[in-house]
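Peer 1: Pasting in a structure now, in structure tokens, and then I'll have a few things to ask.
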Amino acid sequence: MAEFDEIKDRDPYTFIPADEFFNHIDNDLFDSCIRQPERASFDEADQPKIQINGEARNVFQHGKIFRLHEPLEDEPDEESLLLIEFIRPQVWRIRFNPAAASKCCFKDENSRAIACPSMSELITKLDDFEGLDWRVELISNVPSYYILQSVKTGAEKPEVQLWIQKRPFQITAIRPVKNSRIVEKFSIPSTIDEAIRPQVDFQPLQGVEKAVIWKTKPKPLKYVSRGSATILSVETPATAHYMGFGEQGGRNLFKSNTYMNYFNFDNMKYQNVYGNGPLDEREPLYHTEPFWMEVASHIGFQSVLATMIDNYSHTCLDVRKTHQRTIRIATRFNEFNCMIVAADKISELLNVYTSIVGKPSLKPRYVLGYHQGCYGYDTKEAVMQCAQNYRDAQFPLDAIHIDVDIQREHKTFTIDDRPGHFPKPKEMFDTLRKQGVKCCTNITPHINSAEDPEYTTLNELLDKNYYIEDRRDLAKSDLRPWQDRYHYWDYGRRVVTNPSETRPDYRIPDKTDLSVTYNSGKPFHGGVYYGWGNGAPGYYPNLNNHEVREWWGKQFKYLFECGVEFIWQDMTSPCIAPEYGDMKSFPFRLLLDSDVRLNEPYEEVALKRKAIEIWALYSYNLYEATFNGLQNLHLNGTLAGNNDELITTNQALTEANELSWRKGRRNFIIGRGSYIGSHKFAGLWTGDNASTWDFLSTSVVQVLGLGLSGNAISGQDVGGFEFIEPDHNWANPELLIRWYGAYSLLPWFRKDGKQFQEPYAYDQHYRDNMHHFHDPREAFLFRAVLPVCRYYVRLRYSLMQLLYDAMFENAITGMPVARSMIITDDQDATLFFENKWFTNDQYLVGNDILVAPPLRAEAFFDRHEVYLPYPDEWFPINLYPDEPLGTALNPAIEGGSRIFCKCNISLEDDHIPRITPMYIREGAIIPKIETRASTPDWYPNGYPHAGIEMKAPEANPITFHVYPGKDNIYTMYIDDGISTDSEPLSKIPNLTNDPTPNADKYCEVRIKQVTMINTEEKCTRVLTIEAIRNGYEKYEQIVGGEYKVVFWHKESAYSNDIVVGGSLGPMSVQHLERIRATVVKFATDIVHTKGGITITLTYDN
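As structure tokens, this is what we get:
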């Protein structure tokens, strides 16, 4: 039997870890079939043409195809084609296919990661939206070079030049970069007379340099001629730092001296391939997003760069591992497709990049609330008790995630409505909704194959042939079923299985013999396994087919009629028990439909590809199918399911079928991993982590890395999903407290676990077992979990408007909700050098609240070190969840300071806020609201959900906290938080062919503070608040009839002589000496009137 294991080992269509792959390349272990083009040439005959109005035009209007040559002994040159194409004036991509033999190999159609069906259409639409006119020129009369350059019409100066050296072949990108002016600024005092000012003032010249911003190595391309693996070698500047990299693990924001693998699969505990756990950056995880940024390559100049690799299969990176001045990028299958984005700032780069891959959809406001999930809520009573326990503990809760426990015999889209399980599910969901708790359930792309005349989804799948067929590319090997092998990795070992002999340990054994389905055209027989005998064999819908995706979307109707609000998309790759396929998913040689491009012609979809070649495509199509299905729920008119509760009378049937109220409602999916562009459809939770300090230590930087590619909603399961011995049923209480503090202001906050780890359960466990606690420290920590975790969740809810504003901004610009200091404090060059370690743990929500969570066991940080970025001053946070205003400001701390914080766990009221250090930037403007039990759900037309009578939520007034110091502008967004009517579509390009829906129904309120020194003795702070967009007429239902502003003062600036003035409307003013604050109140209508309101404070300087 070992001979068949060896056949599997020799198969090129397999997963090879990146370090092993590059070793094969470097040591020529591919049987001397590695090619490396030496020379580049250009021929107009290689440019494909298209007829437009009777005129032949180039298909690629913004790019050119070059021919690459490798001399061979006694043979003609081996030739291949390379397409270099500009997408925007500062964005270009390189496409290479080693199998290309003609100019027809490149198509204008985009992969599904790009937001528009074709590149020419994308360019046209973005040009129209931006009002941009530009062109691409080829200069071919320069000795030794071709120059491809982008030129804006009118400016007539190149934006980017690509110098393509003919021999040895090399590409160098050049663009003008501006001086970043990272210097101490000096403002001429306003007290200096205007007549004297010209004598002492001068205008510095804006420095611009022509700089190399990207460069390949000489002869940068290698490829394996007997296959399609391609390697591009890129030279890296000595000072450059690299960050992003999607979901990849590791402790550091900046990554270097490492290999990386992008190959999404079910990698529980992040330790399958290398066996080291979450600290190993090499480990391939659940999500494939090969996107990274280069920063600090030109110190003192405004220049950032990003690279994206568009490949559904396996991407390998060598990030300065083999050579400290080189990054090697390898795609093991398919065309090599690499996009490079250049910009002055990260914010600009993200806006451009997300315009190409698609802006994130605006998520419902409740997504930012606190969510509770558990694999183990297996009865209606367990779910209801969980919600009640949170309410009794005065612990905010927005959603409960019910795992596959709710299903009938692990049958996707069903509910087990038997007594003792989930009888009358609609009643349960409606009751929870009245309490403000929304529910989702776990949906996997697995259809239980057990015969069941009542399982509509299965029967339709089979009747309509919507399943994936068992067809395999056996490479003329004529393998018999008993001879085939699968492989996966486990704890660093490569494991080979015989699928004819092994099956998962199901409670009901799977007796289907592989020979029955193997390469037969029958439904591919796989299965999902959850451990402990749970799971079932099943089939998989052919989601790479548009018609099947539409059918899939209709399967959600029954769940939503019962009252489910959003979807938990699990097992996305799809995850399959290792006995049924390779790398816990499809067999690598299973043939799948391949609609890898948008609007792929049917005849090309029918040309099936091996599963490993389009590995990440299935999960992407799963997300899209679910998203579109939820968007169209209101159009589906048939009941999908069989629930006696819903169909007892004709009237009940009418009500149950009526989902028209969901029209125009924002839907939400939280998914476990997919591919670039999936952020358009879903948020991302980063897979099955574990209750360890290592996972906590990577949890913040993982969110920051994902945010750099436009993923607004992402995060780990707080507290860990998998238990670790000896804790078993419990996450260590100290670990849990630290996790809650770290995630208090990160965008996605879900507590999950295989066992029961709710904060209130720790307190109950202590009460029930207090006589068994012999260690006072352990007893104390169990008692501390509930009050400390509750404090930080309540703080989150009081700052919900701040989080929502950041999420709204993300839908417009792509800027993340939680931001690395590299984004917000780009003037602080020490963040790349002596203070770069602080970038691994610290983050900002928006621009002005810095969170510096301790991420290690308490023994390591009696004195927790925090770095406050230069050049601004910082105030220790003085806002608390249940304090109406706050406390007096502590002295400001100079930016650039390292300070030590005492943040031990304590139950003293005044110390709990210091367990997780937070700081507020000078000049900050922070909106704060009352903490409520859940996020109000403002339906666009009241509360029409069938059978539910709900009282409209009370308005939650907003208080603006305005801090002294630098000038600042803050933008706040007011809408109902749930309807698509308020999506800011006028601010983003419409890249679909659908007509623009009714949108932009939101208010945009701009708050601006300017501080002026009037004389040597007097200082004036001027605050202007104005709604520059009044698209949501019912704003008073949301924020009430009054706004409040709290002006905070430094101790040196506060006195009883503060004079408050203003314009446009009456105001009430209070001076609160105890907290050194001036409080101003006024009607909201004033702000939402043209011109808004201006408030001035004048006081002694």
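Its first residue numbered 1, the sequence shown is counted upward by one per residue in full-length UniProt numbering. Think of the CB as a built atom: it goes at the ideal place given N, C-alpha and C, for glycine as much as any other residue.
1. Please report the straight-line C-alpha distance between A382 and W532, rounded to a whole angstrom.
2. Where M918 and W837 are concerned, what is the direct C-alpha to C-alpha distance, given to the nearest angstrom?
3. Across the stretch 73-90 and the stretch 331-349, are there enough close Cβ pairs to call them in contact, namely three or more that are closer than 8 Å?
4. Taking the alpha-carbon of N632 as reference, which of W615, Y146, K663, R609 has the nearest alpha-carbon?
5. With F333 and E613 assumed to form a contact (beta carbons below 8 Å), what rounded beta-carbon distance in angstroms separates them?
6. For Y491, count neighbouring Cβ atoms within 10 angstroms of its own Cβ and tell me buried if that reaches 16, exposed if not.
7. Helix, strand or coil for M571 per DSSP?
8. Counting C-beta neighbours from all protein chains within 10 Å, is the total for C440 16 or more, i.e. buried, or is it exposed?
9. On a CA-only basis, which of G373, G1062, V1045 is nearest V1080? Give me that one, please.
10. Check whether the Cβ atoms of residue 1129 and H772 lie closer than 8 Å to each other.
11. Using alpha carbons as the reference points, say which of I402, R794, T517, Q302 lies closest to A393.
12. Taking the alpha helix (DSSP H) that T698 falls in, what are its first and last residues?
13. Looking at the unbroken beta strand (DSSP E) that takes in R1029, where does it start and where does it end?
14. Taking A784 as the reference, which of Y760, P71, S449, L803 has the closest Cα?
15. Is H961 helix, strand or coil by DSSP?
16. Using only the alpha-carbon positions, how far apart do S934 and F749 sit?
17. Alpha carbons only, please: which of Y486, D505, N621, K680 is nearest the one belonging to F586?
18. Quick check: T1024 and G1092, are their CB atoms within less than 8 Å of each other?
19. From which residue to which residue does the beta strand (DSSP E) around residue 1102 run?
20. When the Cα atoms are used, what is the spatial distance from G244 to I327?
21. Which of helix, strand or coil does DSSP assign to N179?
22. Under three-state DSSP, which class holds Y370?
23. Can you check which of these residues, P884, N904, N847, D825, is closest to R863 by C-alpha distance?
24. Report back the beta-carbon spacing between P871 and Q842 to the nearest angstrom; my notes put them in contact at under 8 Å.
25. If you draw a straight line from the C-alpha of G741 to the C-alpha of P1066, how long is it?
26. Spatial neighbours of Y518 within its chain, please: C-beta separation below 7 Å, excluding the five flanking residues on both sides.
27. With DSSP run on the structure shown, which of helix, strand or coil describes K554?
28. What would DSSP say about N351, mapped onto helix, strand or coil?
29. State the Cα-Cα distance for the pair G563 and I447, rounded to the nearest angstrom.
30. Could you give the uninterrupted runs of the beta strand (DSSP E) lying entirely in the stretch 718-801, keeping only those of 3 residues or more?
31. For F566, which of M950, I443, R112 has the nearest alpha-carbon?
32. Express the C-alpha separation of D775 and H1071 in angstroms, rounding to a whole number.
33. Find the nearest neighbour of A155 within the set G275, W134, P143, Y146, judged by alpha-carbon distance.
34. Helix, strand or coil for C1003? Go by DSSP, reduced to three states.
35. What separation, rounded to the nearest whole angstrom, lies between the Cα atoms of T331 and E834?
36. For Y13 versus F588, is the C-beta distance shorter than 8 Å?
Peer 2: The structure says:
1. 20 Å
2. 18 Å
3. yes
4. K663
5. 5 Å
6. exposed
7. coil
8. buried
9. V1045
10. Outside the displayed span of the chain (1 to 1101) sits residue 1129, for which this structure offers no information.
11. R794
12. 693-707
13. 1018-1030
14. Y760
15. strand
16. 14 Å
17. Y486
18. yes
19. Lying outside 1 to 1101, the shown extent of the chain, residue 1102 is not represented and no answer is given.
20. 15 Å
21. strand
22. strand
23. N904
24. In fact, because the Cβ distance is near 17 Å, the residues do not count as touching under 8 Å.
25. 41 Å
26. D470, P481
27. helix
28. helix
29. 22 Å
30. 749-751
31. I443
32. 49 Å
33. W134
34. strand
35. 35 Å
36. yes
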